[in-house]
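In this text, residue positions in the sequence shown follow the numbering used here: the first is 69, and each later residue adds one. Ideal Cβ placement from N, Cα and C applies to all residues, glycine included. Since we're looking at a predicted model, the values are computed, not measured.
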Amino acid sequence: MTAQAAATGRSDAGGRMRSREHRELGRALEPRIDRLQNEYLRGSPSARADLAQLRRGLGKPAGSVPEIWEHTIGAVPESMAGSDSTGPSRAEQAAHAALTLFSLHLQSQAAPVHWQGVSFGWAVGLLAQRDRAREQAITRRFMAAATAQSVDELLVHVRGLIDQLKAAGIGVDYAAFAGDIAALLTPARRESVRLVWGRDFYRVDSASGHGDAGDADNEGTD
Numbered sequence: 069m070t071a072q073a074a075a076t077g078r079s080d081a082g083g084r085m086r087s088r089e090h091r092e093l094g095r096a097l098e099p100r101i102d103r104l105q106n107e108y109l110r111g112s113p114s115a116r117a118d119l120a121q122l123r124r125g126l127g128k129p130a131g132s133v134p135e136i137w138e139h140t141i142g143a144v145p146e147s148m149a150g151s152d153s154t155g156p157s158r159a160e161q162a163a164h165a166a167l168t169l170f171s172l173h174l175q176s177q178a179a180p181v182h183w184q185g186v187s188f189g190w191a192v193g194l195l196a197q198r199d200r201a202r203e204q205a206i207t208r209r210f211m212a213a214a215t216a217q218s219v220d221e222l223l224v225h226v227r228g229l230i231d232q233l234k235a236a237g238i239g240v241d242y243a244a245f246a247g248d249i250a251a252l253l254t255p256a257r258r259e260s261v262r263l264v265w266g267r268d269f270y271r272v273d274s275a276s277g278h279g280d281a282g283d284a285d286n287e288g289t290d
């Protein structure tokens, strides 16, 4: 069993704990993420341009980069959008964060990095299992991300983890990740996301047997 297939069971359990609102956000973003990934991997110049624009939005406030509105705040269901008086909603911040991180992850890759059913917690857990020399540092960064109180604080820790996942050839379900980010920014849902991430992070061994680098060669391919 590949790492991607083993991870699906872990993420399915987490999905049942997500609120309907946050699952709805993931469903809204999924087609856009799939299309961008598929077109990029086929060598589409327009997809490359879209992803380059998304990368320019990294670390910037949601809605501040007009060129990426279509893929970020424009993809959020109207019921979850912010108002003129409140600024970007949690869902809009989450969509912006997830899509810009996805664009970073996919850059220069020849295989998919959006793995449906693979939770962020499981992916980082696999990374820690594979890289024993840096396991403690990865764990500390992951825990810092899970306890972040704002999207800016979250991105400080997550961006480094995405760089490491990219180098290790490990993907993430970015649609579900967007829902998780929105939930982390929602005080009433924050603890449930931390619970799911913690479970997934520490259940990598039981799901995949072990975390050796040879377990998941080409797991992102169709």
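| Item | Value |
| --- | --- |
| Measure the beta-carbon distance from D241 to H182 and round it to whole angstroms, keeping in mind my assumption that it falls under 8 Å. | 7 Å |
| Grouping DSSP H, G and I as helix and E and B as strand, with all else coil, what is S260? | helix |
| In terms of residue numbering, what span does the alpha helix (DSSP H) encompassing S171 cover? | R158 to L174 |
| Measuring only the C-alpha atoms, how far is I230 from S153? | 33 Å |
| Look up G155 in the DSSP assignment and say whether it is helix, strand or coil. | strand |
| Less than 9 Å between the C-beta atoms of L233 and A191, yes or no? | yes |
| For V240, which three-state DSSP category applies? | strand |
| Determine contact between the region 95 to 113 and the region 243 to 252, defined as no fewer than three beta-carbon pairs at a distance below 8 Å. | yes |
| Rounded to whole angstroms, what's the CA-CA distance from R84 to T254? Just pull it up for me. | In this prediction, R84 scores a pLDDT of 47, lower than 50, which makes its location untrustworthy; the coordinate-derived value is nonetheless stated afterwards. Rounded to whole angstroms, R84 to T254 spans 17 Å at the Cα level. |
| Count Cβ pairs between the region 106 to 117 and the region 141 to 160 that sit closer than 8 Å; are there 3 or more? | no |
| Span of the alpha helix (DSSP H) holding P180? | It is not in any alpha helix (DSSP H) - P180 carries neither H nor E in the DSSP assignment. |
| Would you kindly report the start and end of the unbroken alpha helix (DSSP H) that includes M148? | No alpha helix (DSSP H) contains M148, which DSSP labels as neither H nor E. |
| Mapping the DSSP letters down to three states, classify T207 as helix, strand or coil. | helix |
| Compute the beta-carbon to beta-carbon distance between H164 and T140, rounded to the nearest angstrom, for a pair I have assumed lies under 8 Å. | 4 Å |
| Suppose the cutoff is 8 Å on Cβ atoms and the five residues either side in sequence are ignored; what does the same chain contact list for Y108 look like? | A115, R116, L119 and L174 |
| Answer with buried or exposed for S171, where buried requires no fewer than 16 other C-beta atoms within 10 angstroms of its C-beta. | buried |
| Ignore the nearest five residues each way along the sequence and tell me which others in A213's own chain have a CB closer than 8 Å to its CB. | L222, H225, V226 and L229 |
| Out of curiosity, what's the CA-to-CA distance linking T215 and R262? | 8 Å |
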